[in-house]
Amino acid sequence: MNEIADFASGKGHRDENFPVASWLLRKDARAPIMAYYRFARAADDIADHAGAPPAAKLAGLAAMRAGLTGNGPEPAMTLAAVARARGLPLVHASELLDAFVQDVTVPRTADWGALLAYCRLSAMPVGRFVLDVHGEDRALWPLSDALCAALQIVNHLQDCGRDYRAIDRVYLPSDMLERAGVPIDALGADRASPALRAVIGDCARRTLALLDEAAPFARAIGDARLAAEVAVIQRLAVDLARRLTRSDPLGTPVHHSKPQAAALTLGALARHAAMRLAR
Numbered sequence: 000m001n002e003i004a005d006f007a008s009g010k011g012h013r014d015e016n017f018p019v020a021s022w023l024l025r026k027d028a029r030a031p032i033m034a035y036y037r038f039a040r041a042a043d044d045i046a047d048h049a050g051a052p053p054a055a056k057l058a059g060l061a062a063m064r065a066g067l068t069g070n071g072p073e074p075a076m077t078l079a080a081v082a083r084a085r086g087l088p089l090v091h092a093s094e095l096l097d098a099f100v101q102d103v104t105v106p107r108t109a110d111w112g113a114l115l116a117y118c119r120l121s122a123m124p125v126g127r128f129v130l131d132v133h134g135e136d137r138a139l140w141p142l143s144d145a146l147c148a149a150l151q152i153v154n155h156l157q158d159c160g161r162d163y164r165a166i167d168r169v170y171l172p173s174d175m176l177e178r179a180g181v182p183i184d185a186l187g188a189d190r191a192s193p194a195l196r197a198v199i200g201d202c203a204r205r206t207l208a209l210l211d212e213a214a215p216f217a218r219a220i221g222d223a224r225l226a227a228e229v230a231v232i233q234r235l236a237v238d239l240a241r242r243l244t245r246s247d248p249l250g251t252p253v254h255h256s257k258p259q260a261a262a263l264t265l266g267a268l269a270r271h272a273a274m275r276l277a278r
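0 is the number of the first residue of the sequence shown in numbering that gives the first Met the number 0; add one for each residue after it.
1. On the CB-based measure, 16 or more other CB atoms within 10 Å of its CB, does N154 come out buried or exposed?
2. Determine the closest residue to R196 out of A109, V105 and G180, with distance taken between C-alpha atoms.
3. Which same chain residues, not among the five before or five after I152, have their C-beta less than 6 Å away from its C-beta?
4. Verify whether the separation of the beta carbon atoms of S192 and R107 is less than 9 Å.
5. Within 10 Å of its beta-carbon, does P53 have 16 or more other beta-carbons around it, so buried, or fewer, so exposed?
6. Report all residues from its chain with a CB closer than 6 Å to the CB of C118; omit the five preceding and five following residues, and keep chain order.
7. Taking the alpha helix (DSSP H) that D162 belongs to, which residues open and close that run?
8. Can you tell me the Cα-Cα spacing of L209 and D144, whole angstroms?
9. In or out: S256 buried (at least 16 other Cβ within 10 Å) or exposed?
10. Near R164, which residues of its chain fall below 7 Å by C-beta distance, leaving aside the five closest residues on each side in sequence?
11. Using only CA atoms, which one of A4, P31 and L235 lies nearest to M63?
12. Cα-Cα, which of L263, D201, A223 and R137 is closest to P88?
13. In angstroms with no decimal places, state the Cα-to-Cα distance between A65 and R127.
14. Return the chain-ordered list of same chain residues with a C-beta closer than 7 Å to the C-beta of V90, the five sequence neighbours on each side being excluded.
15. What number of angstroms, rounded off, separates the C-alpha of G69 from the C-alpha of M76?
16. Going by other Cβ atoms of all chains shown within 10 Å of its Cβ, with 16 needed for buried, is D14 buried or exposed?
17. Please name the residue, chosen from E212, I232, A185 and H133, that lies closest to A30 on a Cα-to-Cα basis.
18. Taking the alpha-carbon positions, what's the V81 to A194 distance?
19. Once DSSP output is grouped into helix, strand and coil, what is the label at P193?
20. Give me the Cα-Cα distance between D97 and D43, rounded to the nearest whole angstrom.
21. Please report the straight-line C-alpha distance between L176 and D184, rounded to a whole angstrom.
22. How would you label K350, buried or exposed, when you count the other beta carbons within 10 angstroms and need 16 or more for buried?
23. Return the chain-ordered list of same chain residues with a C-beta closer than 8 Å to the C-beta of A113, the five sequence neighbours on each side being excluded.
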């Protein structure tokens, strides 16, 4: 596999769990966020390609990194150009690549602390980049970090069976699985055992705690349109995390239908608007 296109999954921003540069955001903010998303999508596809050997994945990620500062794949060079034009740091992209390298080289997660450390590279830079695009105060980073880590872990819990079967990667903390007496290959089953469901539920409850930390985030954001999008994302994430406390993602996909997502979105927007007016 010699070209970045060889790794492409075909997945786009409309296939994600949570809104990406939605209509809620200012038009001038959507373009740089989409450039960052396309960069992240291309790098993620490299790391997650089921048929590519590790050496090919690492070479592809190295090419993406080179593109941030020189010649390389189009998504990386486009993001670099956008960052230069807007005075945005490239560290948020570089850290994301560090996470994808970890995906290739570290297929297991030791404990909850290791999972959060991974999220520091794989998820938190996303929120920080979005805040920088909007010129928001970096004092908001801790709230953003909590939300982004929660979104990442929700994705991991939803896809825990598929990640194991397709790419032999496990984000569920190994120490939690071991204490529950759950062997790794239990993730390859059609349904989760009661013990595995308990581990997933425990992780989901810890994720809800992260979302509790992030709860003030939307109200603290200066840009009204970004604040509205964050309020929607927070509401969608809370609902999914609650479902995961009692669901079996191996047996039944834990996702929102379009009507469910629309109802949650409208409810979140109404509640958020009422709270901002009351300030």
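Ideal Cβ placement from N, Cα and C applies to all residues, glycine included. Quantities reported herein were computed from a predicted structural model and do not represent experimental measurements.
So, from the listed chains and residues:
1. Counting from 1 along the sequence shown, the entry for residue 154 is found at position 155. Looking at its Cβ environment, which holds 16 or more other Cβ atoms inside 10 Å, N154 is buried.
2. Sequence index remark: in the sequence shown, residue 196 carries index 197 (1-based). Nearest option by C-alpha distance: G180.
3. For this step, residue 152 is matched to residue 153 along the sequence shown. Its chain contains T206 as the residues whose beta carbon lies nearer than 6 Å to that of I152, once the 5 sequence neighbours on both sides are disregarded; these appear in chain order.
4. Position 193 of the sequence shown, counted from the start, is the residue given in the question as residue 192. Position 108 of the sequence shown, counted from the start, is the residue given in the question as residue 107. No, these two residues do not count as a Cβ contact at 9 Å.
5. Position 54 of the sequence shown, counted from the start, is the residue given in the question as residue 53. Classification for P53: exposed.
6. Reading the sequence shown from its first residue, position 119 is the one you call residue 118. The answer, listed in chain order, is A148 and Q151.
7. Within the sequence shown, residue 162 is the residue found at index 163, counting from 1. First-last of the alpha helix (DSSP H) with D162: C159 to I166.
8. The residue you call residue 209 lines up with position 210 of the sequence shown. The residue you call residue 144 lines up with position 145 of the sequence shown. Rounded to whole angstroms, L209 to D144 spans 9 Å at the Cα level.
9. Here residue 256 refers to the residue found at position 257 of the sequence shown. Result: exposed.
10. Locating residue 164 in the sequence shown gives position 165, where the first residue counts as 1. These residues qualify, in order along the chain: G187.
11. Start at 1 with the first residue of the sequence shown, and residue 63 comes out as number 64. The residue with the shortest Cα to Cα distance from M63 is A4.
12. For the purposes of this step, residue 88 is identified with residue 89 of the sequence shown, where counting begins at 1. Of L263, D201, A223 and R137, the residue nearest in Cα terms is R137.
13. Sequence index remark: in the sequence shown, residue 65 carries index 66 (1-based). Sequence index remark: in the sequence shown, residue 127 carries index 128 (1-based). Cα to Cα, A65 sits roughly 22 Å from R127.
14. To locate residue 90, count along the sequence shown from 1; it is residue 91. Contacts found: none.
15. One-based indexing of the sequence shown puts residue 69 at position 70. One-based indexing of the sequence shown puts residue 76 at position 77. Approximately 7 Å, taken between the alpha carbons.
16. If you number the sequence shown from 1, residue 14 lands on position 15. Here the model assigns D14 a pLDDT of 49, short of 50, so the residue's position is not dependable, and the following value carries that caveat. The residue in question, D14, is exposed, as its Cβ has fewer than 16 Cβ neighbours within 10 Å.
17. Residue 30 sits at position 31 when you count from the first residue of the sequence shown. That would be H133, whose Cα lies nearest to the Cα of A30.
18. Position 82 of the sequence shown, counted from the first residue, corresponds to residue 81. Position 195 of the sequence shown, counted from the first residue, corresponds to residue 194. Their backbone Cα atoms lie some 47 Å apart in a straight line.
19. For the purposes of this step, residue 193 is taken as residue 194 along the sequence shown, with counting starting at 1. P193 falls in the helix class under three-state DSSP.
20. Position 98 of the sequence shown holds residue 97. Position 44 of the sequence shown holds residue 43. Rounded to whole angstroms, D97 to D43 spans 11 Å at the Cα level.
21. The residue you call residue 176 lines up with position 177 of the sequence shown. The residue you call residue 184 lines up with position 185 of the sequence shown. Each residue's Cα considered, the two are about 11 Å apart.
22. Lying before the first or after the last residue shown, residue 350 is absent from the chain, which here runs from 0 to 278.
23. In the sequence shown, residue 113 corresponds to position 114, counting from 1. Excluding sequence neighbours, A113 sits near P172.
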